[in-house]
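Take a look at the structure set out below.
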Amino acid sequence: MSVKFYNDNAENFFNNTINADMSATYNIFEDSLLKKNGEILDLGCGSGRDAKHFLESGFSVTALDLSPILAKKASQFIGQDVIVADMKDLNFQDKFIGIWACASLLHLTEDEVFETIKRCHKALKKDGVLYASFKYGENNYEKDGRSFTYFTRDKFLNLIEGLDFYYRATFETGDVRPGRENEKWLNVILKKG
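Per our numbering, the sequence shown runs over residues 588 to 780.
Given below as structure tokens:
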């Protein structure tokens, strides 16, 4: 199970991700939000890097992670409690102007991704924005006790067909961590109808 990897490797993961430059993607996400204040859910917040950015940008943030060890480190880093919970059990309604799911939904199966995105839809306010990123490609795989669900644009759009989201954008990026620039990511922005 992927959470064991993060519990066992929390220190390394924290140090390897905390300084990754996500500014270009932050700009795209924030430009999609109708309001420049309100509450954002950082879904699978990991090190807390993104939650800290949004807090410093004037948003309220609810941060959630399944790993209690990472959540503790992230809590200390961002200066507020991180909820330890499974994103598959997400149970908010009409609460957030945005949900940021950076490299977190990718550990779910395709069926679980679909069900969790349905829960994200419920958690968003009208016109709320969901950002998610996945490893780019067709073939899912497992590595170091973690499972990865890959998506191309078409595979993802086929998956979410029938959900009440307006498709906003997909774009590909290289990994922002040093030495991993050749790893490709699919980034998705959806807006709640």
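C-beta atoms are modelled at their ideal positions from N, C-alpha and C, and glycine is treated no differently.
*Measure the beta-carbon distance from LEU657 to VAL648 and round it to whole angstroms, keeping in mind my assumption that it falls under 8 Å.*
So it is not a contact: roughly 16 Å between Cβ atoms.
*Indicate the three-state DSSP secondary structure (helix, strand or coil) for GLU729 in the structure shown.*
strand
*Determine the burial state of GLY645: buried for a count of at least 16 other Cβ atoms within 10 Å of its Cβ, exposed for fewer.*
exposed
*Sort THR604, ASP608, LEU628 and TYR613 by Cα distance to LYS712 and report the nearest one.*
Cα-wise, what sits closest to LYS712 is LEU628.
*Hey, how far is the Cα of ASP668 from the Cα of ALA661?*
When the Cα atoms are used, ASP668 and ALA661 turn out to be separated by approximately 8 Å.
*Would the region 682 to 692 and the region 713 to 729 be scored as touching if the rule is three or more Cβ pairs under 8 Å?*
yes
*Between which two residues does the beta strand (DSSP E) harbouring GLU759 extend?*
752 to 761
*Find out if the Cβ-Cβ distance for the pair PHE752, ASN774 is shorter than 8 Å.*
no
*Within its chain, find whatever has a CB closer than 6 Å to the CB of VAL671; leave out the 5 residues flanking it on each side and keep chain order.*
PRO655 and ALA658
*Name the DSSP bridge partner or partners of LYS778?*
VAL716 and TYR753
*Enumerated in chain order, which unbroken segments of the alpha helix (DSSP H) with a length of 4 residues or greater are wholly contained in the region 641 to 704?*
655 to 665
*Beta carbon of SER619, beta carbon of ARG755: below 8 Å?*
yes
*Just how far apart, CA to CA, sit ASP608 and GLY633?*
Looking at the backbone, the Cα of ASP608 and that of GLY633 are separated by about 15 Å.
_So that I know if they touch, is there some Cβ in chain D lying closer than 8 Å to that of ALA690?_
Included in the structure is just one protein chain, with no chain D present.
_If I follow the unbroken alpha helix (DSSP H) through LEU746, where does it start and stop?_
740 to 746 is the span of the alpha helix (DSSP H), which, as asked, contains LEU746.
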